Every structure is written in C-alpha cells, then in structure tokens.
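Chains as they are written, first to last, in UniProt numbering: chain A, 1 to 525; chain B, 1 to 525.
One structure below.
There are 2 protein chains.
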Amino acid sequence: MSDTVSVTTGPITGSSKVYRELSDGGRVPFRRVHLTTGDHLDLYDTSGPYTDDTAVIDLAAGLPERSGVVRDSGTQLMRARKGEITAEMAFIAEREGLPVELVRDEVARGRAVIPANHNHPESEPMIIGKAFAVKVNANIGNSAVTSSVAEEVDKMVWATRWGADTIMDLSTGADIHLTREWILRNSPVPVGTVPIYQALEKVDGDPTQLTWKVYRDTVIEQCEQGVDYMTVHAGVLLRYIPLTVNRVTGIVSRGGSIMAAWMLAHHTESFLYTHFAELCEILARYDVTFSLGDGLRPGSIADANDEAQFAELRTLGELTKIAKAHGVQVMIEGPGHVPMHKIVENVRLEEELCEEAPFYTLGPLTTDIAPAYDHITSAIGAAIIAQAGTAMLCYVTPKEHLGLPDRSDVKTGVITYKIAAHAADLAKAHPRAQERDDALSTARFEFRWNDQFALSLDPDSACGFHDETLPAVPAKTAHFCSMCGPKFCSMRISRDVRDAYEKGMTDKSQEFAKHGNRIYLPLHP
Amino acid sequence: MSDTVSVTTGPITGSSKVYRELSDGGRVPFRRVHLTTGDHLDLYDTSGPYTDDTAVIDLAAGLPERSGVVRDSGTQLMRARKGEITAEMAFIAEREGLPVELVRDEVARGRAVIPANHNHPESEPMIIGKAFAVKVNANIGNSAVTSSVAEEVDKMVWATRWGADTIMDLSTGADIHLTREWILRNSPVPVGTVPIYQALEKVDGDPTQLTWKVYRDTVIEQCEQGVDYMTVHAGVLLRYIPLTVNRVTGIVSRGGSIMAAWMLAHHTESFLYTHFAELCEILARYDVTFSLGDGLRPGSIADANDEAQFAELRTLGELTKIAKAHGVQVMIEGPGHVPMHKIVENVRLEEELCEEAPFYTLGPLTTDIAPAYDHITSAIGAAIIAQAGTAMLCYVTPKEHLGLPDRSDVKTGVITYKIAAHAADLAKAHPRAQERDDALSTARFEFRWNDQFALSLDPDSACGFHDETLPAVPAKTAHFCSMCGPKFCSMRISRDVRDAYEKGMTDKSQEFAKHGNRIYLPLHP
Numbered sequence: 001m002s003d004t005v006s007v008t009t010g011p012i013t014g015s016s017k018v019y020r021e022l023s024d025g026g027r028v029p030f031r032r033v034h035l036t037t038g039d040h041l042d043l044y045d046t047s048g049p050y051t052d053d054t055a056v057i058d059l060a061a062g063l064p065e066r067s068g069v070v071r072d073s074g075t076q077l078m079r080a081r082k083g084e085i086t087a088e089m090a091f092i093a094e095r096e097g098l099p100v101e102l103v104r105d106e107v108a109r110g111r112a113v114i115p116a117n118h119n120h121p122e123s124e125p126m127i128i129g130k131a132f133a134v135k136v137n138a139n140i141g142n143s144a145v146t147s148s149v150a151e152e153v154d155k156m157v158w159a160t161r162w163g164a165d166t167i168m169d170l171s172t173g174a175d176i177h178l179t180r181e182w183i184l185r186n187s188p189v190p191v192g193t194v195p196i197y198q199a200l201e202k203v204d205g206d207p208t209q210l211t212w213k214v215y216r217d218t219v220i221e222q223c224e225q226g227v228d229y230m231t232v233h234a235g236v237l238l239r240y241i242p243l244t245v246n247r248v249t250g251i252v253s254r255g256g257s258i259m260a261a262w263m264l265a266h267h268t269e270s271f272l273y274t275h276f277a278e279l280c281e282i283l284a285r286y287d288v289t290f291s292l293g294d295g296l297r298p299g300s301i302a303d304a305n306d307e308a309q310f311a312e313l314r315t316l317g318e319l320t321k322i323a324k325a326h327g328v329q330v331m332i333e334g335p336g337h338v339p340m341h342k343i344v345e346n347v348r349l350e351e352e353l354c355e356e357a358p359f360y361t362l363g364p365l366t367t368d369i370a371p372a373y374d375h376i377t378s379a380i381g382a383a384i385i386a387q388a389g390t391a392m393l394c395y396v397t398p399k400e401h402l403g404l405p406d407r408s409d410v411k412t413g414v415i416t417y418k419i420a421a422h423a424a425d426l427a428k429a430h431p432r433a434q435e436r437d438d439a440l441s442t443a444r445f446e447f448r449w450n451d452q453f454a455l456s457l458d459p460d461s462a463c464g465f466h467d468e469t470l471p472a473v474p475a476k477t478a479h480f481c482s483m484c485g486p487k488f489c490s491m492r493i494s495r496d497v498r499d500a501y502e503k504g505m506t507d508k509s510q511e512f513a514k515h516g517n518r519i520y521l522p523l524h525p
Numbered sequence: 001m002s003d004t005v006s007v008t009t010g011p012i013t014g015s016s017k018v019y020r021e022l023s024d025g026g027r028v029p030f031r032r033v034h035l036t037t038g039d040h041l042d043l044y045d046t047s048g049p050y051t052d053d054t055a056v057i058d059l060a061a062g063l064p065e066r067s068g069v070v071r072d073s074g075t076q077l078m079r080a081r082k083g084e085i086t087a088e089m090a091f092i093a094e095r096e097g098l099p100v101e102l103v104r105d106e107v108a109r110g111r112a113v114i115p116a117n118h119n120h121p122e123s124e125p126m127i128i129g130k131a132f133a134v135k136v137n138a139n140i141g142n143s144a145v146t147s148s149v150a151e152e153v154d155k156m157v158w159a160t161r162w163g164a165d166t167i168m169d170l171s172t173g174a175d176i177h178l179t180r181e182w183i184l185r186n187s188p189v190p191v192g193t194v195p196i197y198q199a200l201e202k203v204d205g206d207p208t209q210l211t212w213k214v215y216r217d218t219v220i221e222q223c224e225q226g227v228d229y230m231t232v233h234a235g236v237l238l239r240y241i242p243l244t245v246n247r248v249t250g251i252v253s254r255g256g257s258i259m260a261a262w263m264l265a266h267h268t269e270s271f272l273y274t275h276f277a278e279l280c281e282i283l284a285r286y287d288v289t290f291s292l293g294d295g296l297r298p299g300s301i302a303d304a305n306d307e308a309q310f311a312e313l314r315t316l317g318e319l320t321k322i323a324k325a326h327g328v329q330v331m332i333e334g335p336g337h338v339p340m341h342k343i344v345e346n347v348r349l350e351e352e353l354c355e356e357a358p359f360y361t362l363g364p365l366t367t368d369i370a371p372a373y374d375h376i377t378s379a380i381g382a383a384i385i386a387q388a389g390t391a392m393l394c395y396v397t398p399k400e401h402l403g404l405p406d407r408s409d410v411k412t413g414v415i416t417y418k419i420a421a422h423a424a425d426l427a428k429a430h431p432r433a434q435e436r437d438d439a440l441s442t443a444r445f446e447f448r449w450n451d452q453f454a455l456s457l458d459p460d461s462a463c464g465f466h467d468e469t470l471p472a473v474p475a476k477t478a479h480f481c482s483m484c485g486p487k488f489c490s491m492r493i494s495r496d497v498r499d500a501y502e503k504g505m506t507d508k509s510q511e512f513a514k515h516g517n518r519i520y521l522p523l524h525p
C-alpha cells in the first residue's frame, strides 16, 4: 500500500516551519511567513510535519508520536475539573496565544473540548470552543461509488496543508478500517468518524439489521484505533419521526435516516439513546469526544428551525448533561440549510439547552438554489453562525449534493471555510486575528507583491492569478497590476497624494515657524 | 468590428424565454424553467433577447428599442412625484411581482431609482431599492494593459446571461468611447460609468491637468450616448485628505485618488463638489441617475468605518438633497473592506444621512487575507449588508486585487453575487424568493436531477459536477449520487421512512377504528 500512497510535502510558498519549545519538551509548530522587509509573521499551522523541510515522512510507519500523552489518565474534562494543566493544554495555550488558565477553565466548564484520544498520539493538540480561534473540519472518505485508500490519505494531508483543524473520515465503501488506519497514523490533526456507517457495512447495508452489539463493538474498535471524536445521532427519537414526514426534504442526515429506518422497523426507541450511558463509559476510557449529531437537521430552507430540529436539540441537551456527568467531552452538531435571519436563533438555543457545549455546524447553507456553489452559499451562513459563537465549522465543498469531492474540491472547501472562520475571528476581535490582515494590506499598499501572496490563505492561486496577465519578474515590484493599469492605480496615486501631502506639511510647518507660529488650517477650502 | 465580436446566445439549459404582455404594449421577459412534472416556474430574467431562441441578434445594429420611452419628459423621480405611473414602472411591477403603486411611491420618496437614460431604449427597465429584489452589478471594461472591445461586449452579454442586473463599463484604456457604444447599443440592462476615467484619458492620464470643462464635456458625451448612471466622487473634499494619510491603505478608489491628487496639486476644492448643481442640471435632462461615489471607502479591515469614510458619507448626504431638489435620481455607493461586526452601521448611517437613497455597495470584503478568493470574502459581507437594506451589490471577482477579470471570472463573480442577493431576499422575506428554493429542494428530494439542475443558478456547472462521477443517463433519475453511494443516501432512506410511516399510519388507523376509536399514541416509546 505504501508504494501507492503519495502526498504533498514541503513548505507553503513564502513560509517555513518553526517550532516554539515548551518547558515540558513539547514543540508547538507555526508557519513563519518571511517578508521582504526582513520582518516575519508566525501563523497558526495545522499542516504537521508535511510542511517541514527537515522532516522525514514515512507513510507506512506513520507520524512520530508526540510526548506528553498520558494513557489511563481520565479525560481532559476530568483533569481540567481537578485544576490540572495537561500537556495538551500547555500546547494549545502557546498555539492560540492565550493564557493556559483560560484553556483549562473553558474545558472544565464544558465550553471547549480537546479531542485527543489517548491512542492517537500522532495528532497535535488543538481546542474547539468559542473563546478560541474558530476551527474548520474537512470531511473526507470514500463511498461505494468512487475513491481509494491512497486518495483519501492524500486528501487528508492536502486538507491539513490548507488549514483543516480536524478531519472526519466518512468512508462508507470497502476498506473502512484500513482507510481509517492509514489516516489516523498519518494525521497531524484530530480525526472524527460516524461509527454507524461502519456498523451498517457490517450488516450489509440493511439498517433494520443493526443491533446495539454491532454498534458497540464498532465504537470500541474505533476507540482502540485512535479516533478522536465520534458523531452519535442519539437525539433522533422514535417520536420525532412523524415531525419529519411533512418536511420538504425529510431527514437528510445519513445517520439520522439510518436510525429512523431502524426505529420504524422495530417500533422501538433508538439503541443509541437507550444505551447512551454505556457509550459514555466506553468513550471516557479513551477520552474520545462526543459530537452529538443533528440527525434531524434541516436539508432545505423550508425546513429550517422547525419542530423536528429543535425537538432533537432539546434531547441533545439532555444527553450533554449525561455525557458530562461521565466526564466525557461533548460538542453539538448543527445545521444544515438555514436562511440568514434564522441562523442566530440556532446558536442561542444550542447554548441555552446544551450548557454552551461547543457548537459544530455544517454551513449552514443560506439558500438551496446554487448546487455547484454550495461552498459559497454555506460560507455566508458559516461566517454568521461563527460570529454568533459556533466553535467549529464543517466545510462544504462545491460538490455538495452532486458527488464526492476530489482533491481540488477539498482545497476549495478548506480555503473557503478558513475565510468564514477568519472573518468571524475578526468580528469577535480574537486577539491576534487582525495582525495578518494588517500585514497583508500594508504589503499591498507598498506593492510588495510577493509578501502579499505569502501572507494569503493560498499563495499559489494569488500569485498564479496575478501572473496570468503580468508574469514578468519586475511586475512583482511594479506599482500597479493589470486590473487598472499604471495610470489608474489608486494605490499608486494615493501614495503620491500622501507624499505630496507630507511634503506640503513640511513646507507649511517651516512657513508656520517663519510667520511666528500663528494658527494655520492648511487644507480647508 | 462586428465580424470579430461574438457572444453567447440561446436559452439557459432547461429553460426558455417567455414574455408577459402589458396593456401598453410592453413585453416583460421571464426565464421559464420547465419541470419534468409538467409544471414550470418563471424566474426574473436579466439576459435580454440573447436567451430568446426566436430573436435575431445583430450586434452591429444593436438591440431593438423598446416602446414607451418618452424623451424630454423629466426624470422618473419627477414623474413619480406627480403621481404618474410610467411605462417603466408598469414593466417593473410585473417583473418584480409587486404593486405598481409601490414602485411609484418608492421612486417618489427617493428610496428607489430606475436608471433609464432616455437615450438607452435598448435596456429593459429595472429598479434598485430596498423594497425590491436585491440587484447585482457586474463591472467590465478594459484597462491599458489588457482586453479589447470584442471581449468586453462578450463579457457584458455573458454577465447578463448569469444574472447581472446592471453593467458598469470601467474601461480606462484605448477606445473608451467605442467600447461604450458597443456595450450600450447591445446591453439589455442599464449601464453605469465613472466619467472621470475618460476625462483623465483626455488629459493623457495626468490628474493635475483635469478641468471642470473637460469633465463636464465628458459627462455630456456620455449622457448623449445613453449611459444610465454615473459614479461621481463629489464627496471627496480637500479637507478630508489629511484623514487618509495615516490609513493602512490610503485612498483605494481610483476616482477618489484622482480627485485627491487634483485638489492637492491645485490646493482647491474639488470641481465635482463646487459644480455639483450644474452636474445635476445635465443629468436631469437625460434622466441619468447619480451613483455618488465613495472615494474614501476603506481598502482594508484596518481602515473600516473611520473618520475619512464617514466624513465623506455626510457630504454625500448633503449632495443627495441637492440632487433630489433638481429632480435627479440618486443612489449612494458604499464600502469596501469591512469586518462583519462593522457592516450594519454602514447601512444605518447611510439611511440616516442620505434619506434612505438606495445603497449600492462593493462587497464589502470581510477579511483582507484571501486574494484569489475575494468573491467569497466579499459575498459574506454582501449578503449581510443586503439583508440590512442595501439595494444593489457590486460584484467582486476572484481576480480582485490581482488582475483584470476574464470571462470565467465574470461568471463566477455574477453567480457568487446572485447567491448573496438571493440569500438576502430570503432573509428579507421577499414575496417570491423562496418559491425557487422550495421547487429545487422538492426536486432534490424526489431525485429529479434534471429539474434540480434547471432550477439552479448555474445548470451547466451543477450537471457537470454530477456527471464527473456518474455520467450515465440513468443516473439522472437514480435515487443516489456518488457523494454517499446507494446504501447511504439519506434522501432515499428518508423517503423509505416516510413511506413506511405513512403505511404504518394507515394500518394503525384501521386498527384504531377496529378497536372502537380509543386514543392511540402510535410512536411514543
């Protein structure tokens, strides 16, 4: 297998990998952007050793294990409640540029989670919570129709290169276990799954044949393997099914629809709900985080914020309390398709019902009418919901509703969601968010084109677009681009204006001194 | 020239052109989407005769003139104030599906404008105002570095095909007059310009050589030609220049920087400001609409909502009153780069200072860090500002800050902005907006793939993406796609659940009757 898997390595254009050493021996990675002025800016870096020039990558062997992982130590939640500062918390505080006590306190309150299965020591610690930078998840995974293990490993590395903070492996086809093994051993970020998918494969795709035992064994298998968080649709109850019958798009969550089919066939409450406490005991042993799934999320504008959706959310609130009583970390999944004016209500209700457990939303898509552009319909909703307090955004790619995303779709989805997340960080006044905007805009105004590219989310595309019309090397310091041409470049004229104004002020201040320092209003008409 | 100009014609996939006849002889165009159920949905259509199978297109001759244009009749604003319902208002009421009295009243109040130069009878009437569907403008035009007349005409047709409600010709290179002539004579939508660009060409690109006379003559030339609205940066005053000196990105508007250079060189107030009443008299004669330019809009997150920006906005408020006193229609241009939490303030202040004149904004971009993706950074801001009341959105393409958009960028920009505009229409509960979402989502749930494509903003891309993995004809009615494969299609399972539930209800209701109509709670656990 390792012969046929290849991934993209090497630094992002204009950057290199640096590490900050922690007192406990940990090393926190950053992407250092080198500016032509001699300055640099260090950015949050999700890409792991793959962008480190000096790292030796051996996919068959997997990434090296980090130090500081303590097995059988309880969950981050249990340890935070005791006042402990774990190695993961120290790492995260340095990474986020925030006090380590804030990290610990937010975890202790259940307002943030650190998805870090003891059996996934290849992953670099990260935190999901509204007090921290907004995070982005990228879904990968094959389906029965297309894709291979090698492609999925490549997509995982590719997604983290462009900024994915976590990966969900949603594989449903052949080789689920093997695909996940390759992804886990090589992923520098936490990996999430939806165990019901593999359980369903074990019963040959017939939802009615599912049992608690098959599901439980699948969960244990995945916990052992190192999965960091699991989507569990335990809030879809039998009595909620009638609420979906008159919807425009019924149940659009795969997990939700599978459980609905099972419940209806057996006329019995969901085994995910009835066995929830047992699930908590399993997840607690490995410190696997719950991602309580929104099996009844709206799949269309018409179905947004309806009774089915909010009934399930209330049940998720009840399950959140049970999970936390077991010391298990919890986040809550959210919609879906929601028009702009109904988005904020989702966050308020989630916070009220689920004790401010981190909200983790898919988009939401703000209109249904743009298949092939759903990364954009949903980026609008994602930015708004993140500004309102959502902690992690699940990306949507241009292929949503149409097919399985390929490598190019994965990059487009990740970059689009980094935009939404960053726009929300700015709106929330995250302490260091605006540094990057200011550095880029200053470079832009000073016609340092290469610095502008290096500071951008996607230096390759930015430079490529510029070079389509002005490829020559001198154009990289030219005081214009092809958009306006030399005579109409506002930035060039504006710099001339500034120079003229400043020269005028100097002349005037000399004149001012010469005339005995009388008040002078230089620019009034 | 006509030999070398070619444009895209023919209906959009799955649709055809229909017209609704007005009592005055006018014909209002719609894009009729034909569904496989036998139903149809009529959509607002900006694309003119180019998508009409039966139309004969002769670019050298230009589009046919519509009936109902009354020259020397005063402006739409003057006529609305008199209580008159013009041919344009009747056309627009049918097009928007709203009462014609609302159209007239909004125009009379100055809360909406109908940009319709008497000398541009090729254009189909449309309205810009917050009571109506949010509109999208596409900027085209060559620069000194690249592009040709033929390319710009092609871009104009291409932009309106995908939904551009107006076009701005921002040409700055050679052949400005000729390019504009070709665009005007063939454009089915209103055309805007920034006359200072052509004036600057007339003085060989040296801003200090500009004069009121050169500018005035250019405006008259363009009014005669048929330009429907003009950006005039009359709010950039000499005393505001110092407010821009410490900005991160100074003055980023071309027109604003040109006027600042002129004022500083001559140490004199802007001739656009001092001659504004004379400009009003000229525009009133043709019913050309003012688009009062925001020459001091912020060009970076750091500069958003600063003193320079809002000082200019106050002056635009003053100019709005003068224009309206002359019976000239006015809209107000807005930012730029603004973080999400500072967007709504822009709308509130504009409405307060400018008597709710229609706001027409560029984006705004919600972060600076994503060159090559600024259609997305700005679609987020555009959707939010439109929800807050902005009437027209000026698109931003992926090439923003990097180069002149090509044909593909124009389409991406237009579709992206149609998404933002439609998301805002949904959020504002525009009467007919959700019909299209509901029709598309119903088609999606019923696996009518071709209907889903036909109802989408870009049927070609939606179908193309689907066909990348499942190109065979039967896949167009298959109950799954490659995203999840057949076993994991939530919509397929959800439909099975619905059927099972409904069957169960029928069985239960028979059982209910059989057992003497006792209360039965079928689905409680």
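All C-beta atoms, glycine included, are put in the ideal place defined by N, C-alpha and C.
On a predicted model such as this, the values are computed, not experimentally measured, just so you know.
Just to make sure I have the definition right: I need the residues of chain A whose C-beta is within less than 9 Å of the C-beta of residue i. Which are they?
i: Met491 (chain B); result: Thr249, Gly250, Ile251, Val252, Ser257, Gly299
Work out the CA separation of residue j and residue i for me, nearest whole Å.
i: Lys418 (chain A); j: Thr377 (chain B); result: 10 Å
i: Ile369 (chain A); j: Val219 (chain A); result: 37 Å
i: Val191 (chain A); j: Arg444 (chain B); result: 30 Å
i: Ser16 (chain B); j: Pro29 (chain B); result: 10 Å
i: Tyr229 (chain B); j: Ala112 (chain B); result: 13 Å
i: Cys484 (chain A); j: Leu404 (chain B); result: 7 Å
i: Leu521 (chain A); j: Cys463 (chain A); result: For Leu521 (chain A), the predicted model reports a pLDDT of 34, less than 50, meaning its position is unreliable; a value from the coordinates is still stated below. Approximately 44 Å, taken between the alpha carbons.
Since residue i meets chain B, which of its residues come closer than 7 Å, beta carbon to beta carbon?
i: Cys394 (chain A); result: Residues of chain B passing the Cβ test: none, with the nearest at roughly 14 Å.
Give me the DSSP bridge partner(s) of residue i.
i: Ile128 (chain B); result: B:Val113
i: Val28 (chain A); result: A:Arg20
i: Phe290 (chain B); result: B:Met230, B:Val330
i: Lys135 (chain B); result: B:Met392
i: Asp406 (chain B); result: Asp406 (chain B) is not bridged to any residue.
i: Leu362 (chain A); result: A:Cys394
Quick one: which chain B residues come within Cβ less than 8 Å of residue i?
i: Pro207 (chain A); result: Ile493
i: Phe465 (chain A); result: Pro371, Ala372, Pro398, Lys399, Leu402, Gly403
Using a Cβ cut-off of 8 Å (strictly closer), state whether residue i contacts chain B.
i: Asp368 (chain A); result: yes
i: Arg20 (chain A); result: no
i: residue 527 (chain A); result: Because chain A is modelled from 1 through 525, residue 527 (chain A) falls outside the range shown and cannot be assessed.
i: Ser283 (chain A); result: The sequence given here has Leu at residue 283 (chain A), not Ser. It does not; no Cβ of chain B falls within 8 Å.
i: Ala302 (chain A); result: yes
I want to see whether chain A comes within less than 8 Å of residue i, judged by CB atoms only; does it?
i: Leu523 (chain B); result: For Leu523 (chain B), the pLDDT reaches just 32, beneath the cut-off of 50, and the residue's location in the model is therefore unreliable, although a value from the coordinates is still provided. Yes, contact with chain A.
i: Ile220 (chain B); result: no
i: His401 (chain B); result: yes
i: Met340 (chain B); result: yes
i: Gly141 (chain B); result: no
Using a Cβ cut-off of 8 Å, pull out every chain A residue sitting near residue i, in sequence order please.
i: Tyr197 (chain B); result: Phe488
i: Gly336 (chain B); result: Result: empty, since nearest Cβ-Cβ is about 12 Å, beyond 8 Å.
Report yes if the C-beta of residue i is less than 7 Å from at least one heavy atom of the ligand ZN; otherwise report no.
i: Gly299 (chain B); result: Among the components modelled here there is no ligand, and therefore nothing to report on the ligand ZN.
In the stretch 260-278 of chain B, which residues sit with their C-beta less than 7 Å from some C-beta in chain A, listed in chain order?
Against chain A - using a Cβ distance shorter than 7 Å - the residues of the stretch 260-278 of chain B are Ala260, Ala261, Leu264, Glu269.
Which residues, in order along the stretch 438-453 of chain A, keep a beta-carbon less than 7 Å from a beta-carbon of chain B?
For the stretch 438-453 of chain A, which is checked against every Cβ of chain B, the residues closer than 7 Å are Asp438, Leu440, Ser441, Thr442, Arg444, Phe445, Gln452.
Note down, in chain order, all residues in the stretch 410-421 of chain B with a beta-carbon under 7 Å from any beta-carbon belonging to chain A.
Listed by position along the chain: Ile415, Thr416, Ile419, Ala420.
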